[in-house]
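Asker:
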Amino acid sequence: MRKILFVSLYCIVAMCAFGQQVDVGCGGWPGIRETVSDATGLNAVYVVYQADGYAGVNIDYTPLYDDGSPIKWYKIDKTGTPSLLVGKESNNLRNVEGDCGYMRQQGAETYTFWIVNYLNYSLVGRQMTVEADETDACNYVRLRLTPPAVSLPYYTVSGIGMTLPSRFFVAYNTLEWNKDDLSFNPVAVEEQITNANQISVPAPTCDTEFSLTDKYLKEWGIEPPVQSEWYYSARPVCQAVVEQYTRDNRNEWDRSIPSDGSFGGSAPAEITFKAYYNDVVTHSDWQFSADENFNVIDAHYYNTDDFQYTFDREGTTYVRLVVSTGTCQDSTGVFRITIGESRLEAPNIFSPGSTPGVNDEWKVAYKSIVDFKCWIYNRWGVEMFHFEDPAKGWDGRYRGRLVEPGVYFYVIRAKGADGRSHNLKGHINILRARE
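Going by the working numbering, the first residue of the sequence shown is number 3, and it counts up by one from there.
1. Suppose you measure from the CA of residue 53 to the CA of residue 183; what does that come to, to the nearest Å?
2. Return the first residue and the last residue of the alpha helix (DSSP H) that residue 221 is part of.
3. Buried or exposed, going by whether 16 or more other CB atoms sit within 10 Å of the CB of residue 364?
4. Say whether the stretch 214-221 touches the stretch 247-255, bearing in mind that this needs 3 or more beta-carbon pairs closer than 8 angstroms, one atom from each stretch.
5. Please list, in chain order, all residues of the same chain as residue 193 whose beta carbon is under 6 angstroms from its beta carbon, the five residues on each side excluded.
6. Roughly how many whole angstroms lie between the Cα atoms of residue 24 and residue 123?
7. Counting Cβ pairs closer than 8 angstroms, one from the stretch 84-96 and one from the stretch 121-138, do we hit at least three?
8. I need the straight-line Cα distance from residue 414 to residue 259, nearest angstrom please.
9. For residue 65 and residue 102, what's the separation of their Cα atoms in angstroms?
10. Since I believe residue 327 is in contact with residue 282 (beta carbons under 8 angstroms), could you give me their beta-carbon distance rounded to a whole number of angstroms?
11. Output the residue ranges of the alpha helix (DSSP H) runs that lie fully inside the stretch 245-274 and measure 4 residues or longer, sorted by chain position.
12. Let me check understanding here. Comparing Cα to Cα, which of 305, 294, 277, 236 lies closest to residue 139?
13. Below 9 angstroms between beta carbons: does that hold for residue 336 and residue 315?
14. How should residue 198 be labelled, buried or exposed, when 16 other C-beta atoms within 10 angstroms of its C-beta is the threshold for buried?
15. Confirm, please, whether the CB-CB distance from residue 375 to residue 390 is below 9 angstroms.
16. DSSP three-state label for residue 68, please.
17. Quick check on DSSP: helix, strand or coil for residue 83?
18. How many angstroms separate the CA atom of residue 10 from the CA atom of residue 150?
19. Between the alpha carbons of residue 118 and residue 133, how many angstroms are there, rounded?
20. Apart from the five residues on each side of it in sequence, which residues of its chain come closer than 6 angstroms, Cβ to Cβ, to residue 185?
21. Which of the three DSSP states, helix, strand or coil, is assigned to residue 437?
22. Could you compute how far the alpha carbon of residue 433 sits from the alpha carbon of residue 256?
23. Just the Cα atoms here: how many angstroms apart are residue 325 and residue 296?
24. Grab the span of the beta strand (DSSP E) containing residue 2 for me, first residue to last.
25. At which residues does the beta strand (DSSP E) containing residue 296 begin and terminate?
26. The beta strand (DSSP E) that contains residue 283, what's its start and end?
27. Going along the chain, which residues of its own chain have a beta-carbon closer than 6 angstroms to the beta-carbon of residue 483, five neighbours each way excluded?
28. With 16 as the cutoff for other CB atoms within 10 Å, does residue 239 come out buried or exposed?
29. Is residue 181 buried or exposed, if buried means 16 or more other CB atoms sit within 10 Å of its CB?
30. From the DSSP output, in three-state form, read off residue 25 for me.
31. Indicate the three-state DSSP secondary structure (helix, strand or coil) for residue 95 in the structure shown.
32. Would you list, in sequence order, the uninterrupted beta strand (DSSP E) runs of no fewer than 3 residues that lie entirely inside the stretch 132-172?
33. Identify which residue in 279, 270, 291 has its Cα closest to the Cα of residue 310.
34. Would you kindly work out how many angstroms separate the C-alpha atoms of residue 162 and residue 120, rounded to a whole number?
35. Just to confirm before moving on: does the CB-CB distance between residue 378 and residue 416 stay below 9 angstroms?
36. Report the rounded CA-to-CA distance for residue 44 versus residue 221, giving the unit in angstroms.
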């Protein structure tokens, strides 16, 4: 249990109401003013930190106008019964009690308030345990206080018991994904709650301690009085990074990554998958499916953190990463990879050697072609050129020299990612001024 250091310094908080100023303090700690309903008959409730062995509550009342009439102070008990404080005719009261009410009266002016001694109801001395939440043990934890926390009570001028609204704060560490350095890093979290006896918070994804405080201790600057034992995380968390190799072939349709955040385009699409997760994970699974809801999983890649996959079939594939501890699991969002249908077209004219950089290479236009062979012949059937990469082309040379202008012929045997065969034949007209 952390010790609380008390400073022997008189410190007050000033509150103005109805033209007067009321200062309430105790043992060097300012009183905290709470506004209550007019129906209570009170102007305010003050919460003070009245520790054993320290002076009682000090009250300073400063009226906006003083008509010189006698000042009377009354103490009010829990039944609402007032009793005159004899010999207390000034605007100041010293060493009075907490957990009771007071009323100042001067002529027709009255100011009535209740004082609550926080230490009679505080969190100090309580123990906190951490348990799995009964409704969702994988994703939430429940914090239990022993003995239970109680609300701060006060009484109306009619003797009706009321409680002040509660506001508590639970602090702990968890992991946060940093997309810049591709890692999970510890981050401090603070949850605000209204009931300290029913605390359920997201389960941390790293080992941590829980601390509990309330709005009064926060305002007084006192360290959290309740701290749990060390909690060992059992909740998995994961992230995935998906990267696509982008080709820069000017004669290929849909060679770039789609702008909607998905992946794919023209096959073959080479995509790298990288998995990141916390230390509690014992099993990872990359799941591939044609079904967005993963009702049917077509392929698994188990316990593989970094691999490359080539998509060479038309259609949409959905991919996600699932990690588990054997009891609890987490998954990433779904990545969509869409491969379009195949296309293949061949030009019939080009002019090698005439205008460098402009129409000086014969190339097909293609999309999602996964198998390709092309032969080019002259009119006598002599093979001029052969290539098997649709991104490449013929520069109009044979054995290092530009061929003569005229008509040449091509034969293409290709297959698309959609299974379609592309068997093309045609002629090529070479236009070039003779040397």
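Beta carbons: idealized from backbone N, C-alpha and C, even for Gly.
Answerer: Per the coordinate set shown:
1. The residue given as residue 53 occupies position 51 in the sequence shown. The residue given as residue 183 occupies position 181 in the sequence shown. Cα to Cα, residue 53 sits roughly 49 angstroms from residue 183.
2. As a working mapping, residue 221 is identified with position 219 in the sequence shown. Here the alpha helix (DSSP H) through residue 221 covers 217-222.
3. Within the sequence shown, residue 364 is the residue found at index 362, counting from 1. With 16 or more other Cβ atoms within 10 Å, it is buried.
4. no
5. Counting from one through the sequence shown, the residue named residue 193 turns up at place 191. For residue 193, where only same-chain residues beyond five positions count, the Cβ hits under 6 angstroms are 172, 203.
6. As a first step, residue 24 is located in the sequence shown; it is residue number 22 there, counting from the start. As a first step, residue 123 is located in the sequence shown; it is residue number 121 there, counting from the start. Distance between the alpha carbons of residue 24 and residue 123: 24 angstroms.
7. no
8. Residue numbering aside, residue 414 sits at position 412 when the sequence shown is read from its first letter. Residue numbering aside, residue 259 sits at position 257 when the sequence shown is read from its first letter. Those two C-alpha atoms are separated by around 27 angstroms.
9. If you number the sequence shown from 1, residue 65 lands on position 63. If you number the sequence shown from 1, residue 102 lands on position 100. In a straight line, the C-alpha of residue 65 is about 22 angstroms away from that of residue 102.
10. Residue 282 sits at position 280 when you count from the first residue of the sequence shown. Residue 327 sits at position 325 when you count from the first residue of the sequence shown. Sure, about 5 angstroms apart at Cβ, within 8 angstroms.
11. none
12. Here residue 139 is taken as the residue at index 137 of the sequence shown, counted from 1. Checked all of 305, 294, 277, 236; the closest Cα to residue 139 is 236.
13. Working through the sequence shown from its first residue, we reach residue 336 at position 334. Working through the sequence shown from its first residue, we reach residue 315 at position 313. In this structure, residue 315 does not lie closer than 9 angstroms to residue 336 by Cβ.
14. Position 196 of the sequence shown, counting from 1, holds the residue named residue 198. With 16 or more other Cβ atoms within 10 Å, it is buried.
15. Counted from its first residue, the sequence shown places residue 390 at position 388. Counted from its first residue, the sequence shown places residue 375 at position 373. Yes, the Cβ-Cβ distance between residue 390 and residue 375 is below 9 angstroms.
16. If you number the sequence shown from 1, residue 68 lands on position 66. In this structure, residue 68 counts as coil in the three-state DSSP scheme.
17. Position 81 of the sequence shown, counted from the start, is the residue given in the question as residue 83. Coil.
18. In the sequence shown, the residue the question calls residue 10 occupies position 8. In the sequence shown, the residue the question calls residue 150 occupies position 148. Bear in mind that a pLDDT of 26 at residue 10, under 50, signals an unreliable position, so the number given afterwards is only what the model happens to contain. If you take the alpha carbons of residue 10 and residue 150, they lie about 31 angstroms apart.
19. On the sequence shown, position 116 is the one that residue 118 refers to. On the sequence shown, position 131 is the one that residue 133 refers to. Cα to Cα, residue 118 sits roughly 33 angstroms from residue 133.
20. The residue given as residue 185 occupies position 183 in the sequence shown. None.
21. Taking the sequence shown and counting its residues from 1, one reaches residue 437 at position 435. Low local confidence applies: a pLDDT of 49 at residue 437 is under 50, so the model's placement there is unreliable, and no value is given.
22. Within the sequence shown, residue 433 is the residue found at index 431, counting from 1. Within the sequence shown, residue 256 is the residue found at index 254, counting from 1. About 30 angstroms.
23. Sequence index remark: in the sequence shown, residue 325 carries index 323 (1-based). Sequence index remark: in the sequence shown, residue 296 carries index 294 (1-based). Cα-Cα distance, rounded: 15 angstroms.
24. Any answer about residue 2 is impossible in this case: the structure gives the chain only from 3 up to 437.
25. The sequence position of residue 296 within the sequence shown is 294, counting from 1. Element bounds for residue 296: n/a, residue is neither H nor E.
26. For the purposes of this step, residue 283 is taken as residue 281 along the sequence shown, with counting starting at 1. No beta strand (DSSP E) contains residue 283, which DSSP labels as neither H nor E.
27. Residue 483 is absent from the structure shown; the chain starts at 3 and stops at 437.
28. Mapped onto the sequence shown, residue 239 falls at position 237. When all chains shown are included, residue 239 counts as buried.
29. Looking up residue 181 in the sequence shown gives position 179. When all chains shown are included, residue 181 counts as exposed.
30. Taking the first residue of the sequence shown as 1, we reach residue 25 at position 23. Of the three classes helix, strand and coil, the one that applies to residue 25 here is strand, per DSSP.
31. Along the sequence shown, one-based indexing puts residue 95 at 93. Note: residue 95 maps to strand in three-state DSSP.
32. 142-148, 155-157, 163-165
33. As a working note, residue 310 is residue 308 in the sequence shown. If we check each option's Cα against that of residue 310, 270 comes out closest.
34. Looking up residue 162 in the sequence shown gives position 160. Looking up residue 120 in the sequence shown gives position 118. Distance between the alpha carbons of residue 162 and residue 120 is about 20 angstroms.
35. Working through the sequence shown from its first residue, we reach residue 378 at position 376. Working through the sequence shown from its first residue, we reach residue 416 at position 414. No, the pair does not count as a contact, with Cβ atoms beyond the cut-off.
36. Here residue 44 is taken as the residue at index 42 of the sequence shown, counted from 1. Here residue 221 is taken as the residue at index 219 of the sequence shown, counted from 1. Between residue 44 and residue 221, the C-alpha separation is close to 23 angstroms.
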